[in-house]
Amino acid sequence: MDVEEALEFVDHLAWTTTGKHLDSLQKAILRGAWENQKYKEIAQHHNRSEKYVKEVGFKLWKLLSVALEDEEVCKANFRAKLENLRFFSNVSLVGNGCVKIGNFSADNIHYPKVSQSESLQEETFNEKTTSSEPKVHLDLADAPEPNLFYNRTSELTTLENWIVGRTRLITILGLSGIGKTALTLQLISQIQHEFDYIIIYRSLRNSPPLQTLQTDLIQFCRGGAPVPAPSVSAPSPEERATTGGLPLLEYLRSHRCLIILDDIQTIFSSQQLAGNYQPGYENYGAFFKQITESSHNSCLILLSWEKPREIATLESENRPCKTLQLNGLGPEAQEIFREKGLAEPEKWSELIDLYRGNPLWLNIVATMIQDLLGGSVSEFLSYDTLFLGDLESLLHQQCDRLTASEQQAMGWLASTPEPADISKIPENLQLSRAELLNVMQSLGRRSLVETVQQNARSHFTIAPVIREYITNKK
Ligand SMILES: Nc1ncnc2c1ncn2[C@@H]1O[C@H](COP(=O)(O)OP(=O)(O)O)[C@@H](O)[C@H]1O
Ligand SMILES: [Mg+2]
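Per the numbering used here, residue 1 is the first one in the sequence shown, and the count goes up by one each step.
Set out below in structure tokens:
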């Protein structure tokens with residue numbers, strides 16, 4: 001391990017345990033410690049007082065001691081500790097920003113450390129924090145590392161207003177790649193101060209049963225202490241009375257927490273209309289409802305391709321529950337092309353429109369244009385058909401979930417160049433009016449159809465990329 005690897009390692013550790021990257025002074029201290037420099041020298045190079053540099057250094061060693069479950073890591077032994085760790089424990093950095101040590105990932109190791117360190121996370125990485133400020137305990141080990149991020153100012157303001165206004169359940173909906181996860185990570189960095197205790201991010205990519213998820217969340221809230229069995233499996237009548245039968249509520253009431261659950265679509269069934277739970281996962285619906293209706297000051301954010309069924313009902317009842325339908329990026333998506341080095345900027349807005357500003361699609365397409373056509377956007381646009389390439393498998397994941405009736409309706413929309421009026425059902429569509437209404441509502445809840453107002457009526461259409469995919473499949 002050289003000094004750059006050591007810095008990268010500590011930076012990942014900092015990110016997974018605190019949600020913040022190392023700042024330039026922290027890096028300078030680590031470099032200095034690696035090269036056996038004195039605090040005085042580091043301070044001179046950085047135009048800071050020696051006392052201040054020592055304080056920041058002390059907090060860094062404390063973070064490392066706790067995070068590595070080692071006895072005191074200090075400036076004098078930092079290099080040796082990291083070199084030994086690499087040698088003996090097979091420390092590696094894994095792609096999603098987690099630190100993996102031997103057979104353990106940061107997921108396993110940092111829960112107890114969070115509680116033991118108490119104030120470590122916020123204090124260590126915020127020079128201005130004073131002891132009177134609240135201590136936020138972050139767990140972002142499950143989250144991807146933030147990447148380049150453009151705009152989304154209005155969405156961030158909306159979400160911040162909802163959170164400040166004590167909305168208890170927020171759902172962010174949108175197609176895969178539209179930027180739900182990236183937006184939420186950005187949001188966390190903006191609204192940490194709103195929460196006095198815990199911010200926790202979990203992906204449901206492995207479809208955990210509700211009980212497993214609750215136990216995991218409670219365990220984090222308890223600072224890693226095991227969850228007492230009766231609280232989860234068989235709450236006593238007294239516990240039911242205070243928690244409303246939902247053990248997690250106890251924690252959501254005692255502190256203002258933010259819990260983010262990503263990839264909610266994994267708990268919904270394929271080949272059923274949007275937002276229907278898989279067998280065994282129906283209790284998630286009751287969980288979302290209870291989080292919204294019970295009194296507490298915490299907030300749950302769901303990120304999903306599909307809207308959960310009960311959310312629409314809760315919204316119609318004016319409960320503290322909101323949905324953000326995330327659309328693509330606007331002109332700022334040009335930054336993606338600039339960054340990829342594409343030619344002909346005057347053609348970029350056409351490309352953004354065709355790919356509906358979906359940053360993942362735009363990244364894929366820009367890479368393709370760069371690799372295959374030397375960056376020529378006009379050549380790409382001159383082709384008769386829209387080239388899908390790697391987008392095909394992404395679209396397959398979403399469209400494969402549709403019911404037979406939804407597929408029929410998508411086929412109809414794909415073959416209709418103008419936005420369609422659903423009051424005029426074509427004969428070849430074997431759907432009753434009621435069925436068609438249900439299907440269009442469901443496709444809307446999957447973000448697969450777009451609504452256009454014409455003559456004071458809603459007309460429906462689909463994005464060019466999806467049209468191409470559906471047409472190719474026929
Ligand atoms: N506002 C943005 N600016 C630049 N890139 C973005 C933005 N939002 C998302 N991306 C990029 O697009 C890709 C997909 O974003 P992601 O948040 O994972 O989408 P989703 O969670 O909706 O599937 C990622 O590579 C991400 O870095
Ligand atoms: Mg995501």
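Virtual Cβ for every residue (Gly too), placed ideally from N, Cα, C.
Keep in mind the model is a prediction, meaning the values are calculated, not measured.
Query, Result
"Nearest neighbour of Thr158, chosen from Thr171, Leu148, Asn147 and Pro146 [CA to CA]", "Thr171"
"Closer than 7 angstroms: residues whose CB approaches a heavy atom of ligand 2", "Lys180, Thr181, Asp262, Asp263 and Leu303"
"Distance, Asp390 Cα to Met368 Cα", "9 angstroms"
"Spatial distance of Phe380 from Glu392 (CA atoms)", "17 angstroms"
"Classification of Ser432 by the beta-carbon crowding that lies within 10 angstroms, buried from 16 upward", "exposed"
"Cβ-based burial, Gln26 [other Cβ within 10 Å; buried from 16]", "buried"
"Which of helix, strand or coil DSSP assigns to Cys399", "helix"
"CB-CB length for Leu388 against Ala409, believed under 8 angstroms", "Incorrect: roughly 21 angstroms between the Cβ atoms, too far for contact."
"Contact test: Leu324 Cβ vs ligand 1 heavy atom, cutoff 7 angstroms", "no"
"Straight-line Cα distance separating Leu252 from Asn297", "7 angstroms"
"Distance cut-off 7 angstroms: Ile178 Cβ against heavy atoms of ligand 1", "yes"
"Same chain only: Cβ atoms within 7 angstroms of Val3, ignoring 5 sequence neighbours per side", "Arg31 and Trp34"
"Contact set for Ser270: own chain, Cβ-Cβ below 6 angstroms, skip 5 residues either direction", "Arg401"
"Inter-residue spacing [alpha-carbon to alpha-carbon] between Leu138 and Leu261", "14 angstroms"
"Length of the line joining the Cα atoms of Arg222 and Glu194", "20 angstroms"
"Collapsed DSSP secondary structure at Arg477 in the structure displayed", "No answer is possible for residue 477: it lies beyond the span of the chain, which begins at 1 and ends at 474."
"N- and C-terminal bounds of the beta strand (DSSP E) containing His137", "His137 to Asp139"
"Candidates Asn327, Glu344 and Thr385: closest to Gly174 by CA position", "Asn327"
"Residues near Arg202 by beta carbon distance below 6 angstroms, same chain, minus five either side", "Asp142 and Leu261"
"Heavy atom of ligand 1 within 7 angstroms of Gly174 beta-carbon", "yes"
"Distance between beta carbons of Gln186 and Phe149, contact taken as under 8 angstroms", "6 angstroms"
"Trp361 in three-state terms, based on DSSP", "helix"
"Glu293 and Arg445 closer than 8 angstroms at C-beta", "no"
"Closest residue to Gly280 among Gln290, Phe268 and Gln272 (Cα-Cα distance)", "Phe268"
"Of the listed residues Ser207, Gln430 and Leu22, nearest to Tyr277 (C-alpha basis)", "Ser207"
"Collapsed DSSP secondary structure at Tyr284 in the structure displayed", "helix"
"Where the alpha helix (DSSP H) containing Ile264 begins and where it ends", "It is not in any alpha helix (DSSP H) - Ile264 carries neither H nor E in the DSSP assignment."
"CA-to-CA distance, Ala366 to Glu468, given in whole angstroms", "18 angstroms"
"Uninterrupted alpha helix (DSSP H) stretches inside the stretch 286–338 (no shorter than 4 residues)", "309–316"
"Inter-residue Cα distance where the pair is Met1 and Val56", "24 angstroms"
"Glu450 (DSSP reduced to helix, strand or coil)", "strand"
"Span of the beta strand (DSSP E), counted from its first residue to its last, around His21", "It is not in any beta strand (DSSP E) - His21 carries neither H nor E in the DSSP assignment."
"Per-residue burial, Glu406 [other beta carbons within 10 Å of its own, 16 or more giving buried]", "buried"
"Any non-hydrogen atom of ligand 1 within 7 angstroms of Gln329 CB", "Residue 329 is actually Leu in this sequence, not Gln. Yes, the Cβ of Leu329 comes within 7 angstroms of a heavy atom of ligand 1."
"Cβ shell of Arg166 (< 7 angstroms), same chain only, five flanking positions each side left out", "Asn297 and Pro320"
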